[in-house]
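Protein chains in written order, with the working numbering: chain F, 64 to 193; chain E, 96 to 231.
Positions of the beta carbon are idealized from the N, C-alpha and C atoms, including for glycine.
Before any comments, here is the structure.
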Amino acid sequence: MEVPILKQGLYLIASIQSALTDADLSQLREALIERVGKFRARGVIVDVTALDVMDSFAVRTLRDIAHMARLRGAETVIVGIQPEVAFAMVQLGLTLKGVSTALDLEEGLAFLDRQSQERIERTRGRIIRG
Amino acid sequence: MAEELLVPITSDLDVVSARQKGRELAAVAGFSSGDQTVIAAAISEIARNILMYAKRGEISLRTVLNGDLDGLVVVARDQGPGIPDVARALQDGYSTSGGLGLGLPGARRLMDDFDVVSAPGKGTTVTMKKWRRRHA
């Protein structure tokens, strides 16, 4: 089950539609990292609303995606973790430390917009201080 | 009641199938959707352990009655290399596979009863149960 990846402006949106196998998750990681370069994306959103379960492999893969994308110059935000899924993750001892999350797609987009705004302001600040 | 559902585990597709069947059985047995997710997550972890360490094995799912409690029993069996040090394998962050080392200890936290029987060369059997109080 391949995950569709949409390009919206400077962002890539991967919207998981159903349960994923480990191989599907790894494939998503490769596809996203490749496309960050291809589309010169500045942000990545992974929508996990449809995921029934987030186990250790899924969490590790999402963490890898976020860290690899950051190394390629794009910020990642995971959106749509359901309440039951969050509960089970905490019990399992799984954290998404170092990875940004947002409630849903809308919040995720707003988060990325703020991030790129801050990036622009930081750059401007540096130029002015020169 | 004692009907047993057997899911062979030979690929990562079977891991998904085992956790989905576990969730369905938990729903039929009246577990809340939160508990269904917890059970599915625990099954996902131990099914992946079978694949990772033993390559193949099976997961058995069944419901049981115990007084005024309904239970869901998950047994994961394999004929793999076995676990040399079960106590250590149950510690958070200990892994011989390069994983997060949260599979067994995490599954134990998710379930109410958890038991591992394993010895080198003898395979591994993990038995875990989740209970719910039956409402009159």
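By the beta-carbon neighbour count (other beta carbons within 10 angstroms, threshold 16), Q180 (chain F) is exposed. Residue burial annotation: P200 (chain E) is buried, with at least 16 other C-beta atoms found within 10 angstroms of its C-beta. Around the beta carbon of A124 (chain E), a 10 Å sphere encloses 16 or more other beta carbons of the protein chains shown; the residue is thus reported as buried. Note that the C-beta distance between T164 (chain F) and V148 (chain F) is not below 8 Å. Leaving aside the five residues that flank V99 (chain F) on each side, the residues in its chain whose CB is nearer than 6 Å to its CB run, in chain order, A132, R135 and A137. For P146 (chain F), the enclosing alpha helix (DSSP H) covers residues P146 to L155.
For Q71 (chain F), the enclosing beta strand (DSSP E) covers residues I68 to Q71.
The criterion of a C-beta distance shorter than 8 Å is not satisfied by I178 (chain E) and T220 (chain E).
Using a 10 angstroms sphere on the CB of E99 (chain E), the tally of other CB atoms stays under 16, which defines it as exposed.
Closer than 8 Å to the CB of A151 (chain F) there is at least one CB belonging to chain E.
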